[in-house]
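Structure, as structure tokens:
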Amino acid sequence: MTHALSFSSLRRLPRVLGLALMLPALPVLAQDQTTPDSDGAPSLMERGAELFFEGLRREMEPTLEEAARLFAEIGPSMRSFLTEMGPALAEIADQVEDWSVYEMPEILPNGDIIIRRKEPLPEGEAPEADEDGSIEL
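At position 50 of the sequence shown the residue is numbered 49 (numbering that gives the first Met the number 0), and the sequence of numbers has no breaks.
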């Protein structure tokens, strides 16, 4: 069964990655930072922190399970994409000085992907077309 990489899956990726990267740090944050009371029981602050992180872990569990499913689904497609397109994307990234001056990429009906400038270049700064009408980026 082939899974297509959808735009909605990619939109969720930063949120899922952020949560997945944050999860391993939670036990470290929840560790004892103070000494226990004289009877060895945790203080109210320690107990509150433990409850908070346990609740956070339970709340994040479905999201992390979804992240694992999403990574398993898009992993092979992403690996193939990066193998094929990685060098070309790196070359484009080297040529672009400021990504904030461009709109989001747009996929045309014929499958071409274009990235438009938010504000057109002034007349004197526009690149000149070659003999065949193409513009070298």
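Cβ atoms here follow ideal geometry from the backbone N, Cα and C, with glycine treated the same way.
C-beta atoms of residue i and residue j nearer than 8 Å
i, j, result
"residue 104", "residue 114", "yes"
Integer Cβ distance of residue i from residue j, believed to fall under 8 Å
i, j, result
"residue 117", "residue 102", "6 Å"
Enclosing alpha helix (DSSP H) for residue i [first to last residue]
i, result
"residue 133", "Careful: residue 133 lies outside any alpha helix (DSSP H) and carries neither H nor E."
"residue 114", "First-last for residue 114: undefined, no H or E at that position."
"residue 67", "43-94"
Candidates the options, of which the one nearest residue i by Cα
i, options, result
"residue 100", "52, 119 and 42", "119"
Residue i: CB within 7 Å of a non-hydrogen atom of the ligand FAD
i, result
"residue 98", "Among the components modelled here there is no ligand, and therefore nothing to report on the ligand FAD."
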